[in-house]
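Read the structure below first, then the notes.
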Amino acid sequence: MRCDRLWTNARLATLAAGRPGLGLVEAGVVAALDGRIAYAGSADEAPAFEAAETVDCEGRWITPGLIDPHTHLIYGGDRAGEFEQRLAGASYEEIARAGGGIVSTMRATRAASQAQLVETALPRLDALIAEGATTVEVKSGYGLSSADELKSLRAARDLSARRPVRIRATLLAAHALPPEFAGDADGYIDLVCREIIPAAAAEGLADAVDAFCETIGFTPAQTRRVFEAARANGLPVKLHAEQLSNQHGAALAAGFGALSADHLEYLDAAGIEAMAAAGTVATLLPGAYYFVRETQAPPIAALRAHGVAMALATDCNPGTSPLTSLLLTMNMAATLFRLTVDECLAGVTREAARALGLLAEIGTLEAGKACDLAIWDVERPAELVYRMGFNPLHARVWSGR
Ligand code: DI6
Ligand code: FE
1 MRCDRLWTNA RLATLAAGRP GLGLVEAGVV AALDGRIAYA GSADEAPAFE
51 AAETVDCEGR WITPGLIDPH THLIYGGDRA GEFEQRLAGA SYEEIARAGG
101 GIVSTMRATR AASQAQLVET ALPRLDALIA EGATTVEVKS GYGLSSADEL
151 KSLRAARDLS ARRPVRIRAT LLAAHALPPE FAGDADGYID LVCREIIPAA
201 AAEGLADAVD AFCETIGFTP AQTRRVFEAA RANGLPVKLH AEQLSNQHGA
251 ALAAGFGALS ADHLEYLDAA GIEAMAAAGT VATLLPGAYY FVRETQAPPI
301 AALRAHGVAM ALATDCNPGT SPLTSLLLTM NMAATLFRLT VDECLAGVTR
351 EAARALGLLA EIGTLEAGKA CDLAIWDVER PAELVYRMGF NPLHARVWSG
401 R
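When we follow the working numbering, the leftmost residue of the sequence shown carries the number 1, and every step to the right adds one.
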């Protein structure tokens, strides 16, 4: 059988469906043909391959390329000063109410050109890539006007022309209230629903629509209108839900068949049941939990008991999670949320793919999927979760190369 590349002498964490745990293969090979996995499994059972190129992995571990299913990589400016204010005692909500927070990033984002937004996002993207990320979701949400939200989505799309990585762009126009709509949140939601969502859909700029359902964001009723507009424009939805308080956003999102509900520290039993019934993924963001010094952890045991899939993401954003490491995200999920090693690794591969609606395409080492691999200098997969601030990536393969 012909293939373009063959990785031999490897240990595999396939994460494949129907296999227990991480789907481990001790003596494995992976074959790529035309950018896709032609075979991933034990060397014993592999067909005889004629490879244009063979790579001896010398016993290293191969996992699926890592996936970050929730980031806000596109933004202008920085918020290090706000961090100092928080160290001096100000809370995230206080800073937001005083006109700082998301709105200060909005000003810097509006002032930046599309090219400048791309340039400032690239180092953040590169940090993710350096740890084996092959797919990254990127949200708008700091433009908060038609022109600036569409500019942000175009910048997100541009990233995939600049680096060998798959980008999923999400429209998060309902992230915060822009000052010109002060006192008229419903008026801003009108703009989002009537103008911004249809324009993004018509130009093919968004793969999904998100909103921030929170006391300092938008109400459940406003979120529902955003979801209805997304549905009318043929776009799937996801939600920032139950991060700082319980707004019952996760249940609302599940009712719209949401791909994921994200954060979930204040998720209640009804929300968990609704997510389980709808197959909505719980995307956990331990970096934000850590950075805002939240003390209520998401209801992990109950999510587990209900069989809700759990993904992990950096939530990379300037206000609450200036984090560009999926390895550290896994460590935080284990230490802060008590996820198991298997749950952490599945969270940044298979379940992250599920959270993006891309499980048929990426997230496991299975024939037919895109050949996105991370090859690691570790003795056992647990090391990827255990270490802090150490990057054992040996090589990264995107679409077979
Ligand atoms: N939740 C978050 O944690 C970020 N956005 C959101 O909806 C915070 C965004 C920021 O502070 O800039
Ligand atoms: Fe977020």
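Backbone N, C-alpha and C fix where the C-beta goes; we use that ideal spot for every residue, glycine too.
These figures come from a predicted structure and were not determined experimentally.
Rounded to whole angstroms, what's the CA-CA distance from arginine 2 to alanine 32? Just pull it up for me. CA-CA distance, arginine 2 to alanine 32, rounds to 9 Å.
Assumed close pair leucine 326, glutamate 131 - CB separation to whole angstroms, cut-off 8 Å: Indeed, because the Cβ distance is near 6 Å, the residues count as touching under 8 Å.
With 16 other Cβ atoms within 10 Å as the buried cut-off, status of arginine 194: Exposed.
If you draw a straight line from the alpha carbon of glutamate 242 to that of alanine 147, how long is it in whole angstroms? For the pair glutamate 242 and alanine 147, the Cα-to-Cα distance works out to about 29 Å.
Where in the region 228-296 do unbroken runs of the alpha helix (DSSP H), each at least 4 residues long, occur, reported from the N-terminal end onward? Every alpha helix (DSSP H) stretch that sits fully inside the region 228-296 and reaches 4 residues is listed by chain position as 249-255, 269-278 and 286-291.
Best match in Tyr75, Leu144 and Ser152 for proximity to threonine 120 [C-alpha to C-alpha]: The shortest C-alpha separation from threonine 120 is found at Tyr75.
Ligand 1 and aspartate 68: does any heavy atom of the ligand fall closer than 8 Å to the residue's C-beta? Aspartate 68 Cβ: outside cutoff for every heavy atom of ligand 1.
My assumption, with CB atoms under 8 Å, is that aspartate 52 sits in contact with arginine 5. Please give the rounded CB distance. It should be noted that the sequence gives alanine, not aspartate, for residue 52. Right, their Cβ atoms sit about 7 Å apart.
With distances taken between CB atoms, is the gap from leucine 365 to proline 47 smaller than 9 Å? One thing to note: leucine 365 has its Cβ no nearer than 9 Å to the Cβ of proline 47.
Validate contact between the region 23-30 and the region 300-311 using beta carbons, cut 8 Å, 3 pairs: No: the two stretches stay apart, fewer than three of their Cβ pairs being nearer than 8 Å.
Between which residues of its own chain and glycine 357 is the CB-CB distance below 7 Å, once the five residues before and five after are set aside? Sequence-distant Cβ neighbours of glycine 357 in its own chain, meaning closer than 7 Å and more than five residues away, are Pro236 and Leu259.
Are there 16 or more other CB atoms within 10 angstroms of the CB of glycine 287, so buried, or fewer, so exposed? The residue in question, glycine 287, is buried, as its Cβ has 16 or more Cβ neighbours within 10 Å.
Since threonine 324 contacts arginine 124 with CB under 8 Å, what's their CB separation in whole angstroms? The pair is a contact, with the Cβ atoms about 5 Å apart (cut-off 8 Å).
State the CB to CB distance for the pair threonine 283 and proline 69, rounded to an integer number of angstroms; the pair is presumed to be in contact (CB under 8 Å). Contact annotation, threonine 283 with proline 69: C-beta distance approximately 6 Å; criterion of less than 8 Å satisfied.
Counting pairs of Cβ atoms below 8 Å between the region 349-356 and the region 271-285, do you hit three or more? With the cut-off at 8 Å, the region 349-356 and the region 271-285 touch.
Under a three-way DSSP split, which group does leucine 12 fall into? Under the three-state reduction of DSSP output, leucine 12 falls in the strand class.
Pairing CB atoms from the region 172-188 with CB atoms from the region 216-233, are three or more of them under 8 Å? Yes, the region 172-188 touches the region 216-233.
Taking only three categories from DSSP, how would you classify asparagine 331? It is helical.
Contacts around leucine 15, its chain only, beta-carbon distance under 8 Å, and the 5 residues preceding and following it disregarded: Once the five neighbours on either side are set aside, the close Cβ partners of leucine 15 are Leu22, Gly23, Thr63, Pro64, Leu345, Ala346, Thr349, Arg350, Gly363, Thr364 and Leu365.
Are there 16 or more other CB atoms within 10 angstroms of the CB of leucine 144, so buried, or fewer, so exposed? When all chains shown are included, leucine 144 counts as buried.
Is there at least one non-hydrogen atom of ligand 2 closer than 8 Å to the beta-carbon of alanine 91? It should be pointed out that residue 91 corresponds to serine in this sequence rather than to alanine. No - ligand 2 has no heavy atom lying nearer than 8 Å to the Cβ of serine 91.
Reduced DSSP category for methionine 310 - H, G, I as helix; E, B as strand; rest coil: Here methionine 310 sits in strand by DSSP.
Compare the beta carbon distance of glycine 77 and cysteine 371 with 9 Å and say whether it is the shorter of the two. No, the pair does not count as a contact, with Cβ atoms beyond the cut-off.
Taking aspartate 342 as the reference, give the member of Pro318, Ala253 and Val385 with the closest Cα. Ranking the options by Cα distance to aspartate 342, first place goes to Val385.
Kindly indicate which residue of Ser104, Phe256 and Glu82 has the alpha-carbon position closest to the one of alanine 274. In this structure, Phe256 is the residue among Ser104, Phe256 and Glu82 with its C-alpha nearest to the C-alpha of alanine 274.
Limits of the unbroken alpha helix (DSSP H) element including tyrosine 386: Tyrosine 386: member of the alpha helix (DSSP H) spanning 383-386, first to last residue.
Give, in chain order, every unbroken run of the beta strand (DSSP E) that is at least 3 residues long and sits entirely within the region 125-177. If we require 3 residues or more, the beta strand (DSSP E) runs fully inside the region 125-177 come out as 133-139 and 166-174.
Would the region 164-179 and the region 203-211 be scored as touching if the rule is three or more Cβ pairs under 8 Å? Under the three-pair Cβ rule at 8 Å, the region 164-179 counts as touching the region 203-211.
Determine the DSSP secondary structure at glycine 41, reduced to helix, strand or coil. In the structure shown, the three-state DSSP call for glycine 41 is strand.
Candidates Ala360, Glu203 and Leu303, of which the one nearest arginine 404 by Cα: Nothing about residue 404 can be reported from this structure: the residues present for the chain run from 1 to 401 only.
Use the C-beta contact count for aspartate 207: other C-beta atoms within 10 angstroms, 16 or more gives buried, fewer gives exposed. Classification for aspartate 207: buried.
For the putative contact between arginine 79 and serine 113, defined by C-beta atoms under 8 Å, what is the C-beta separation to the nearest angstrom? Not a contact, Cβ separation roughly 20 Å.
I'd like to know whether the C-beta atoms of glutamate 82 and glycine 100 end up nearer to each other than 9 Å. For glutamate 82 and glycine 100, yes; Cβs fall inside 9 Å.
Bridge partner(s) assigned by DSSP for cysteine 3: For cysteine 3, which the question treats as bridged, DSSP gives the partners Ala51.
Under a three-way DSSP split, which group does arginine 338 fall into? In the three-state DSSP reduction, arginine 338 falls in the coil class, being neither helix nor strand.
Do valine 30 and leucine 244 come within 9 Å of each other at the CB atom, strictly closer than that value? No, Cβ-Cβ distance for leucine 244 and valine 30 is not below 9 Å.
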